[in-house]
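For the sequence shown, the UniProt record's numbering begins at 1 and goes up steadily by one.
Everything on this sheet refers to the single structure shown next.
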Amino acid sequence: MPYVTTRDGTRLHCTDWGEGRPVVLLSAAMADSRMWEFQAPFLAGQGLRCVTYDRRGTGRSDVPWSGYDYDTLASDLADLLDHLDLRDVLLVGYAAGGGEAVRYLSRYGAGRVGKLALVASTTPFLLRAPDNPDGLEMALFEEIEKAIRTDRAAWLRSLTWPFFAGPEADPASTPLSPRLAEWLTDLAMDTSPRAATEIYRTLFTTDQRAETAAVRVPTLVVHGTADLGAPYPLCGPRTAELVPGSTLLTYEGAAHGLFATHADRLNADLLAFAKQ
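Set out below in structure tokens:
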């Protein structure tokens, strides 16, 4: 490594730290593996093999024009797991990474996956529909698409504190320094505008209710009640209700960026789940 080449020739930048049970961390939509600043070193230091990678179109990976649907993203994950021959994996899907993880299980089965953690996941279905009446309007995606097309740097900066502090957007309510929050947000600028738009389209419009209900590995669901990116009522409890025998951990007051604002708690919860 540090690269794995997928079946369509896309190179994915990877890190592979530590030894022990493998934990594979899947990032949020416009983030890359550097978002795991607090989790990857911790888990690798606790007797686990921690694998992270930059999704196609993000970070230090190749930037193809296409392949930002869940089927292709899941096939990228399958190629990574096969290349490293990882088994009994704890698969951690964050936000859009949760959709990737669920699609991987539905397409490739659980032969390599022992457990699943869905953190701030966009599963099972965000879009408003006749049988999902409290979902999000398509107009919201259209606003995001326009912001990415016209001035995504300004758009991302405007989201910094809502991402970490929730709807109140009060920087004083988070433990993060302004510089750290800005750096974590600025990582999204290393995602191509094409990838950003298409990954958002995928997570926003894909109905994963049936495949989420088909998950049969032990599953931990972690979600914050102030999450704007994956609204708590639409995502956390509904995901947990669909997955038989899953455990829901609710982080009261946590926003979408809980990987940073609640890093110590998330680390402890992931470690305990991995060691069970």
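Built from N, CA and C at the ideal position, the CB exists for glycine as well.
His256 carries a coil assignment under DSSP once its states are collapsed to helix, strand and coil.
Put simply, of Val221, Asp62 and Ser192 the residue whose alpha carbon is nearest the alpha carbon of Gly99 is Val221. Exclusion of the five residues before and after Trp65 leaves Arg194 as the residues of its chain whose Cβ lies within less than 8 Å of its Cβ. By the neighbour-count criterion, in which 16 or more other beta carbons inside 10 Å mark a residue as buried, Glu211 falls on the buried side. Listed in chain order, the alpha helix (DSSP H) elements of length 4 or more contained wholly in the segment 81-140 are 96-108. DSSP, read as helix, strand or coil, puts Asp69 in coil.
Between Ala28 and Tyr94 a beta carbon distance of about 5 Å is seen, short of the 8 Å cut, so the two are scored as contacting. Pro231: not part of any alpha helix (DSSP H); DSSP gives it neither H nor E. Ala120 places its beta carbon less than 9 Å from that of Cys235. Contact between the segment 7-22 and the segment 46-57 is present: three or more C-beta pairs spanning the two stretches fall below 8 Å.
Distance from the CA atom of Ala139 to the CA atom of Arg128, rounded to whole angstroms, is 10 Å. When rounded, the separation of the alpha-carbon atoms in Ala165 and Thr261 is 8 Å. With respect to the 9 Å criterion, Phe163 and Gly229 are classified as neighbours on the basis of their beta carbons.
In this structure, Arg103 sits near Ala74, with a CB-CB distance shorter than 9 Å. At the C-beta level, Ala255 and Asp227 come within 9 Å of one another.
Checking the DSSP bridge columns, you'll see His223 partnered with Thr250.
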